[in-house]
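Residue numbers (the working numbering): 166 to 516. Just so you know, even glycine gets a beta-carbon here, dropped at the ideal spot from N, CA and C. Remember, it's a predicted structure, so these values are computed and weren't measured experimentally.
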């Protein structure tokens, strides 16, 4: 039974009767809901969602709201969104002219994205991100709310010895640089692929180094790479912990959208190497030593992760401390404040 003292929030993703962590967009949605659940009762498709992402009774069809809610959040379902009362909000991707016109606010996951949509440069044809996702001259809601991204509590749990053993076997015992998720010509970090090749030449076979890929792989992988295929979600913390480091993608989206994969690595303390941009600085911090601007800097970071120095431990300790910003509880407090300030939720009454 829900708590009458907590806000009630209705959520819906596309036209799916229920939601599971089987692909990137649904994983990110569930993490958002779990952060909301730290301060609100969240009803997916009008059914109360438990903190572990399960239902008492899993719905098998779509349901209209059977009660009043304090807030309605719908992603990519225009017909449902039009039928709902206010206040209602939607994610700022994908673009839908009807939904954007009637939304009380648009939800984004980074400050860089919020600033871009709220600026006069929103129709600037020079922005590859905007060209890809939004029509020229599109209109935004008057309010844009940054919810940030959350770490899934699964990645904060202790990893079992069995899972660690399986992960080590998957990576063949080599020093592995992992790139996980959608693997395409657009997303693969070519700067870091070159840096890994440079490190392999420099190591002269004294330390086997490999790049490893898992997820939605749509291209031929670089020579001597590991293709790990599709890895079950619950096995990802162990796989990440078995990597020397993980690699950030370098496409236009990475300059504005946050990355759950960055937070996954942060959660388990695995070093991250990525090209510097505003979003990476938001999530990792501007002073994070694993960010690079040039090929030469990327080469040096990759090599320092391979040479047995304390650099890896330095990065790991940094990330383990910073992850406290993105736990469900911490980010839930951040989201609640953002929604209240945007008047999307009633302000809390003083106790």
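The alpha helix (DSSP H) runs lying completely inside the stretch 314-381 and spanning 4 residues or more are 326-335 and 355-368, given in chain order. For the alpha helix (DSSP H) assignment, the uninterrupted runs of no fewer than 4 residues enclosed by the stretch 188-239 are, from N- to C-terminal side, 189-201. As computed with DSSP, residue 171 is found in no beta bridge at all.
Per DSSP, residue 431 is one residue of the alpha helix (DSSP H) stretching across 425-433. Residue 177 is bridged by DSSP to 239.
Between residue 451 and residue 356, the C-beta gap is not smaller than 8 Å, which leaves the two residues out of contact.
Excluding the 5 residues flanking it on each side, residue 252 has same chain C-beta neighbours closer than 6 Å at 236, 269 and 509, in chain order. By alpha-carbon distance to residue 393, the top candidate from 399, 384, 400 and 380 is 380. Counting the other Cβ atoms within 10 Å of the Cβ of residue 225 gives fewer than 16, which makes it exposed. Judged by pairs of C-beta atoms under 8 Å, the stretch 437-448 does not touch the stretch 320-333, as fewer than three such pairs exist. C-alpha of residue 469 to C-alpha of residue 321: approximately 27 Å in a straight line.
Using a Cβ distance threshold of 8 Å, residue 271 and residue 421 do not count as a contacting pair. Taking 8 Å as the cut-off, the Cβ atoms of residue 431 and residue 487 count as close. Between residue 438 and the set 384, 336, 361 and 297, the nearest pair of CA atoms involves 361. Cβ contact annotation for residue 424 (same chain, cutoff 6 Å, sequence separation greater than five): none.
Exclusion of the five residues before and after residue 203 leaves 493, 494 and 497 as the residues of its chain whose Cβ lies within less than 7 Å of its Cβ. Contact between the stretch 210-224 and the stretch 177-188 is present: 3 or more CB-CB pairs across the two stretches fall below 8 Å. In the DSSP assignment, residue 311 falls within the unbroken beta strand (DSSP E) covering 309-311.
For residue 378, same chain residues with a beta-carbon under 8 Å away, outside a window of 5 residues either side, are 343, 344, 345, 348, 386, 390, 391, 392 and 393 in chain order. Comparing alpha-carbon positions, the option among 241, 257, 334 and 358 lying closest to residue 276 turns out to be 257. In the three-state scheme derived from DSSP, where H, G and I count as helix and E and B as strand, residue 303 is classed as coil. Taking each of 175, 448, 173 and 473 in turn and checking the Cα distance to residue 313, the smallest one comes out for 448.
Residue 340 holds the alpha-carbon nearest to the alpha-carbon of residue 477 among 340, 507 and 418. The C-alpha of residue 294 is placed about 6 Å away from the C-alpha of residue 418. Assignment of residue 392 by DSSP, reduced to helix, strand and coil, places it in the strand class. Residue 303 holds the alpha-carbon nearest to the alpha-carbon of residue 266 among 201, 278 and 303. Exposed is the label assigned to residue 259, since fewer than 16 other Cβ atoms lie within 10 Å of its Cβ. In this structure, the alpha-carbon of residue 191 lies about 20 Å from that of residue 414. Note that the C-beta distance between residue 316 and residue 491 is below 8 Å. For residue 270, the uninterrupted beta strand (DSSP E) run begins and ends at 270-273, by DSSP. Spanning the alpha carbons of residue 507 and residue 227 requires a straight line of approximately 29 Å. As the crow flies, the alpha-carbon of residue 502 is around 25 Å from that of residue 426. Within its own chain, the residues whose Cβ lies closer than 7 Å to the Cβ of residue 364, once the five positions on either side in sequence are excluded, are 374, 467, 468 and 471, listed in chain order.
Per the C-alpha coordinates, the member of 416, 283, 177 and 333 positioned closest to residue 350 is 416. Sequence-distant Cβ neighbours of residue 283 in its own chain, meaning closer than 6 Å and more than five residues away, are 309.
Separation of the CB atoms of residue 234 and residue 171 is rounded to 12 Å, and the pair is thereby denied contact status at 8 Å.
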